[in-house]
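Reviewing the structure listed below.
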Amino acid sequence: MATGDEDLAREAALGDRAAFAVLVDRHYEAIFRLAWRLLGSRADAEDVAQDVCVALPAKLRRFEARARFTTWLHRVTLNAVRDHLRRRATRQRAAEGWGEVELMRSAEAAETRAALGWLATAMSALPEDQRETAALVLGEELSHAEAGAVLGISAGTVSWRMSAIRTALRAMAAAEEEGI
Amino acid sequence: MSDELDRLQNALRDAPPAPAPQARAQALAAAMAAFDAEAEKNPTGTQAADARLRSKKTRPHWAARLFGGLQMPSLTLKSTLLGGASLAVLALGVVIVQDPDLLDPQPKPITVPTSQPAELTDTRPRTDMAEERTADPVVGQIVTRSEDASTQSPPSDSDAENATAPADPRPAETLRDAPLQEAPVPAAPAPMASELAPSDAPMRQQLSGLERVQPMMRQPGDTRRATRELGLLAPTPPGIVAPDAAPQDAPIIAPPDRDRFETKPDNPVKLVAEEPVSTFSIDVDTASYAWMRRSLNQGQMPDPDAVRIEELVNYFSYAYPAPETRETPFETSVSVMPSPWNADRKLLHIGIQGYELSDDARPDANLVFLIDVSGSMQAADKLPLLVNAFRLLLSELRPTDEVAIVTYAGGAGVALEPTPAAEADRILAVLERLQAGGGTRGEAGLHEAYALAEAMMAEGEITRVLLATDGDFNLGLSSDEALTALIEEKRETGVFLSVLGFGEGNYNDALMQRLAQNGNGIAAYIDSLMEARKVLVEGVTGALFPIAKDVKIQIEFNPATIAEYRLIGYETRALNREDFNDDSVDAGEIGAGHSVTAIYEITPVDSPARATDPLRYAQPDSAPQRAPESAPQTAPAAADTSDEYAFLKLRYKLPDAEESVLITRPVTPADETASAEARFAAAVAGFGQLLKGGRYLGDWSYADARALARANLGNDPFGHRAEFLRLLALAETLDR
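Chains as they are written, first to last, in the working numbering: chain A, 3 to 182; chain B, 540 to 1275.
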């Protein structure tokens, strides 16, 4: 059996069960981790990861082997996260992941807030598109071009977003210092 | 890379925890099951793959063997149908699980493998699915609404998109329940954000019915989400789990309802002998009326918890006598009349009328529109309506008033610097450019709004933040308490806050009420442009200009004449007896032109309708005790008070004052008149009580309410009372 991702994907699309099994097994963790970076919650990341895995057989049929599999998989995962958030936005008050409201309304808010840490603060402060960009460029460590390919935007736009993120983080740091 | 980005990178890179083995195993198992299902029913894909195979030079051996070995269903009609049937079952299963029950109206499940073409195009038939926003989710209703994913998703590669099985419309329709009525919706039902009907008591039965269906149909992949979310477990919130935190599921935090109302038991009958003093804060909010109207217009009786009788009664303006001068900001009228629903009881009706500000007499207004533009605001009855509402308000402002606009979504920003209302075009241009999208960083928005408001403040002018939201406040890391503390602090510096609520599904009524009260403002629910007009045009001076704040009412009943009393409404406004004289206790505010009505049902001592027996061992006092501070305003102590029914006290503060002023008057048999206005108010109060169960009404009915209201319709320049009659008729029908 061919071992490269693109080959496995092609074969899985053709009906090779074993190839598919290897592929999913190999990439589950990556899917989960990207979902986690975008959502900030284990439960949500697990949900999305499962969604993606279950959707893969059908999606693989449309995967064109000349594209890079990981880029394609990033995109699939990203879209799954967006769908998840949209669905959940209609269910709970928190329209975004890195959920602020539900947790904050709980009795344990004070303790949890302490546990949240800087990362949650930062991610929840960013608008959705910057958060996605951060997850891909900083979390997945993609190049701006690769991230652009996943997001469907140009590398230049990615760069612009990264600088916007930097500005936002600086503002956050300044606000932190002022004790806001 | 800079320090900040470094820090974020390190955090993002290292933060994700290892996947849980159980979740992983479950996901993989589900994936394989999906793969098998896909293989079974997809001859097309295989045929195309076949062609691809043939065209490729590199054709692995094992693939050929597999290809030959697989049971490739031939493309006969029968096999296609079989495949189609199983697809429909799959789709049905998934749709039931995911789709038009309360929690997940989106019929585009990512978990359904389908053999349908990938693209979700705009030509997909939508109407048969009634995906339009016909019946908006109302408390107590299941709603089907779906989302046009192709317009919702940001542009992304089409080949990574998933499809919706065309089988969706059918199951969606069977799941939708009959009671849904199509309500006229002001805006076109363009594709918009999915919204949810909150779960609710009436809905729970339906939910449980759905639940029973699901386990048969559910795909393994959906079990996770379904079990967690559908069974009325609180949906797992998007918990932020610290990287080393253990629990898989975040703690159950929020109740399944998303429209939130404070629940208070109805005021009971109280004994004068035991509790002669009743104290409460006035309330001029009208949100409950609009919410009730919306429910009824959608064919559903409103949730009793959502009905605040005082807000129904106070929705209307009454022809109460107005104050002569501005020194005393309002005039109080009192009357006693027979209770419409119980001949042996009476109603004590208290009307307070604030003075009206004419357009020239009013101070300049500095307004900051603080507008929620998060993704959930996308619906037609939210942001677009909000923009129109503010347009109406704009037309009521004077050229010297100033307007600024702050929006908040994922971030917060000043959309318009303070601008004189004379430059209406500029203001309108900004309003019309508003788009919904992103998260909801309400706290940042509030800070910005207050900062702007403080910059706009000036002596002799009124400065107010008008918060317009669907309730999804989502205030960053602050709790509700921190939020209200902020608003109170700002109020002290002279910036008031009013809250305008829009839409359903996110409506956090309890929070809105609290914010408005703390901000010395009103909370209104804008369900239509007409309501916007009522609140922001007809009632503009009331909405913007306070004439008295912290207004409290205290009544002491005379046990010699009255045995029992029951305050109708104001359950959420109750105050302790000692709060009345405590100026630090916050209470409601009256805006210019507002009137406030409070109604007690009272049982005279000699009435056969007394719910309780007289005490055997205690003698009723012949002269009631009275608190000392009432002395200056009353007749000399020698006067006979034995036939008074009650003693009414009212405290208020002028808008800039710190100390309250006291007004008192006795309630005597001489007040036993009944104006048509008081009777109309009684009809509304009766209606409110019927909506909440009518426990004290005997067999008084909606028809009786209607008759009473119609007989006392009075002056109705804007048709609000006529509308009330229609709502009564509607309630009567729905309640059968």
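Ideal Cβ placement from N, Cα and C applies to all residues, glycine included.
None of these values were measured; they are calculated from a predicted model.
> On the three-state DSSP scale, how would you describe residue 669(B)?
Replying inline: Residue numbering aside, residue 669(B) sits at position 130 when the second sequence is read from its first letter. Bear in mind that a pLDDT of 36 at residue 669(B), under 50, signals an unreliable position, so the model cannot answer this.
> Is it right to say residue 1008(B) is buried, meaning 16 or more other beta carbons lie within 10 angstroms of its own, or is it exposed?
Replying inline: Start at 1 with the first residue of the second sequence, and residue 1008(B) comes out as number 469. So residue 1008(B) counts as buried.
> Is the beta carbon of residue 851(B) less than 9 Å from the beta carbon of residue 1138(B)?
Replying inline: The residue given as residue 851(B) occupies position 312 in the second sequence. The residue given as residue 1138(B) occupies position 599 in the second sequence. For residue 851(B) and residue 1138(B), no; Cβs fall outside 9 Å.
> Which residue or residues does DSSP assign as beta-bridge partners of residue 908(B)?
Replying inline: By one-based count along the second sequence, residue 908(B) stands at place 369. 944(B) and 1005(B).
> At which residues does the beta strand (DSSP E) containing residue 881(B) begin and terminate?
Replying inline: Translated into the one-based positions of the second sequence, residue 881(B) becomes position 342. Where residue 881(B) is concerned, the enclosing beta strand (DSSP E) stretches over 881-893.
> How is residue 33(A) classed by DSSP in three states: helix, strand or coil?
Replying inline: Taking the first residue of the first sequence as position 1, residue 33(A) is located at position 31. Correct three-state label for residue 33(A): helix.
> Does the beta-carbon distance from residue 39(A) to residue 554(B) come in below 9 Å?
Replying inline: As a first step, residue 39(A) is located in the first sequence; it is residue number 37 there, counting from the start. As a first step, residue 554(B) is located in the second sequence; it is residue number 15 there, counting from the start. Contact: yes.
>> Less than 6 Å between C-beta atoms, sequence neighbours within five positions excluded: which residues of the same chain meet that for residue 50(A)?
In response: Taking the first sequence and counting its residues from 1, one reaches residue 50(A) at position 48. Counting only Cβ-Cβ distances below 6 Å, and skipping sequence neighbours, we find 37, 82, 83 and 86.
> What is the DSSP secondary structure of residue 1089(B), reduced to helix, strand or coil?
Replying inline: Within the second sequence, the letter at position 550 stands for residue 1089(B). In the structure shown, residue 1089(B) sits in a strand (DSSP, three-state: E or B).
> Alpha carbon to alpha carbon, how far is residue 1049(B) from residue 7(A)?
Replying inline: Here the question's residue 1049(B) lines up with position 510 in the second sequence. Here the question's residue 7(A) lines up with position 5 in the first sequence. Cα to Cα, the separation comes out at about 53 Å.
>> Beta-carbon within less than 6 Å of residue 1035(B)'s beta-carbon, same chain only, minus the 5 sequence neighbours each way: which residues are those?
In response: As a working mapping, residue 1035(B) is identified with position 496 in the second sequence. Sequence-distant partners of residue 1035(B) (beyond 5 residues in either direction) whose C-beta falls short of 6 Å from its own C-beta, in its chain, are 1003, 1058, 1059 and 1060.
> Who are the Cβ neighbours of residue 973(B) in its own chain at under 8 Å, not counting the five residues just before and after it?
Replying inline: On the second sequence, residue 973(B) is found 434 positions in, with the first residue counted as 1. Result list for residue 973(B): 910, 912, 922, 926, 946 and 954, in chain order.
> Is residue 561(B) buried or exposed, if buried means 16 or more other CB atoms sit within 10 Å of its CB?
Replying inline: As a first step, residue 561(B) must be located in the second sequence, where it is residue number 22. Looking at its Cβ environment, which holds fewer than 16 other Cβ atoms inside 10 Å, residue 561(B) is exposed.
> Hey, residue 903(B) and residue 958(B): beta-carbon distance below 9 Å or not?
Replying inline: Locating residue 903(B) in the second sequence gives position 364, where the first residue counts as 1. Locating residue 958(B) in the second sequence gives position 419, where the first residue counts as 1. Result no, Cβ atoms of residue 903(B) and residue 958(B) do not sit closer than 9 Å.
> Within 9 Å (strictly less), CB to CB, does residue 1048(B) reach chain A?
Replying inline: Translated into the one-based positions of the second sequence, residue 1048(B) becomes position 509. No, its Cβ sits nowhere closer than 9 Å to a Cβ of chain A.
> Going by alpha carbons, who is nearest to residue 1123(B) out of 1251(B), 1198(B) and 1206(B)?
Replying inline: Here residue 1123(B) corresponds to residue number 584 of the second sequence, with the count starting at 1. The shortest C-alpha to C-alpha distance from residue 1123(B) to any of 1251(B), 1198(B) and 1206(B) is the one to 1198(B).
> For a contact meaning CB atoms closer than 8 Å, what does residue 171(A) contact in chain B?
Replying inline: Start at 1 with the first residue of the first sequence, and residue 171(A) comes out as number 169. Against chain B, a Cβ distance below 8 Å from residue 171(A) picks out 543, 544, 546 and 547.
>> Can you tell me where the alpha helix (DSSP H) holding residue 1075(B) begins and where it ends?
In response: Mapped onto the second sequence, residue 1075(B) falls at position 536. Premise fails: residue 1075(B) is in no alpha helix (DSSP H) and is neither H nor E.
>> Please report the distance separating the alpha-carbon of residue 1132(B) from that of residue 1022(B).
In response: Locating residue 1132(B) in the second sequence gives position 593, counting from the first residue. Locating residue 1022(B) in the second sequence gives position 483, counting from the first residue. C-alpha separation (whole angstroms): 29 Å.
> By DSSP, does residue 551(B) sit in helix, in strand, or in coil?
Replying inline: Locating residue 551(B) in the second sequence gives position 12, where the first residue counts as 1. Correct three-state label for residue 551(B): helix.
>> So that I know if they touch, is there some Cβ in chain B lying closer than 9 Å to that of residue 26(A)?
In response: Along the first sequence, read from residue 1 onward, the residue named residue 26(A) stands at position 24. Under the Cβ distance rule, residue 26(A) counts among the residues neighbouring chain B, one pair being separated by less than 9 Å.
>> Give me, in chain order, the residues of the same chain whose beta-carbon lies closer than 8 Å to that of residue 73(A); leave out the 5 immediate sequence neighbours on both sides.
In response: To locate residue 73(A), count along the first sequence from 1; it is residue 71. 148, 151 and 152, listed in sequence order.
> Tell me which same chain residues have a C-beta within less than 6 Å of the C-beta of residue 941(B), skipping the five on either side of it?
Replying inline: Translated into the one-based positions of the second sequence, residue 941(B) becomes position 402. Within the same chain, Cβ atoms closer than 6 Å to the Cβ of residue 941(B) are found at 905, 957, 959 and 995, the five residues on either side in sequence being excluded.
> Where do the ends of the alpha helix (DSSP H) carrying residue 984(B) lie?
Replying inline: Numbered from its first residue, the second sequence carries residue 984(B) at position 445. The continuous alpha helix (DSSP H) containing residue 984(B) extends over residues 981-995.
> So which of 1190(B), 1273(B) and 1010(B) has the shortest CA-CA distance to residue 1054(B)?
Replying inline: What you label residue 1054(B) is simply residue 515 of the second sequence in a count that begins at 1. Of the candidates 1190(B), 1273(B) and 1010(B), the one whose C-alpha sits nearest the C-alpha of residue 1054(B) is 1010(B).
> At which residues does the alpha helix (DSSP H) containing residue 133(A) begin and terminate?
Replying inline: Taking the first residue of the first sequence as 1, we reach residue 133(A) at position 131. 130-136 is the extent of the alpha helix (DSSP H) around residue 133(A).
> Taking buried to mean at least 16 other C-beta atoms within 10 Å of its own C-beta, is residue 549(B) buried or exposed?
Replying inline: Position 10 of the second sequence, counted from the start, is the residue given in the question as residue 549(B). Under this definition residue 549(B) is an exposed residue.
> Over what stretch of residues does the beta strand (DSSP E) that includes residue 876(B) continue unbroken?
Replying inline: For the purposes of this step, residue 876(B) is identified with residue 337 of the second sequence, where counting begins at 1. 869-878 is the span of the beta strand (DSSP E), which, as asked, contains residue 876(B).
>> Do residue 1151(B) and residue 810(B) have their beta-carbon atoms positioned less than 9 Å apart in this structure?
In response: Stepping through the second sequence from its first residue, residue 810(B) is reached at position 271. Stepping through the second sequence from its first residue, residue 1151(B) is reached at position 612. In this structure, residue 810(B) lies near residue 1151(B), with their beta-carbon atoms less than 9 Å apart.
> Hey, quick one: how far does the alpha helix (DSSP H) through residue 934(B) stretch, first residue to last?
Replying inline: Taking the first residue of the second sequence as position 1, residue 934(B) is located at position 395. That run of the alpha helix (DSSP H) goes 922-935.
> Helix, strand or coil: which one does DSSP assign to residue 18(A)?
Replying inline: What you label residue 18(A) is simply residue 16 of the first sequence in a count that begins at 1. DSSP, reduced to helix, strand and coil, places residue 18(A) outside both helices and strands of the structure shown, so it counts as coil.
> Given a limit of 7 Å on CB to CB distance, which residues of the segment 563-579 of chain B reach chain A?
Replying inline: Under the 7 Å Cβ criterion, the segment 563-579 of chain B contributes 563, 565, 566, 567, 569, 570, 571, 573, 574, 577 and 578.
>> Short of 6 Å in beta carbon distance, which residues of its chain neighbour residue 825(B), apart from the five on each side in sequence? Order them along the chain.
In response: For the purposes of this step, residue 825(B) is identified with residue 286 of the second sequence, where counting begins at 1. Same-chain partners within the cutoff: 850, 854 and 1063.
> Does the beta-carbon distance from residue 1126(B) to residue 821(B) come in below 9 Å?
Replying inline: The residue labelled residue 1126(B) in the question sits at position 587 within the second sequence. The residue labelled residue 821(B) in the question sits at position 282 within the second sequence. In this structure, residue 821(B) lies closer than 9 Å to residue 1126(B) by Cβ.
> Got a sec, what are the start and stop residues for the alpha helix (DSSP H) residue 828(B) sits in?
Replying inline: The count along the second sequence starts at 1 and reaches residue 828(B) at position 289. From DSSP, the alpha helix (DSSP H) with residue 828(B) extends over 826-836.
> If you draw a straight line from the alpha carbon of residue 578(B) to that of residue 569(B), how long is it in whole angstroms?
Replying inline: Position 39 of the second sequence holds residue 578(B). Position 30 of the second sequence holds residue 569(B). Rounded to the nearest whole angstrom, the C-alpha separation of residue 578(B) and residue 569(B) is 14 Å.
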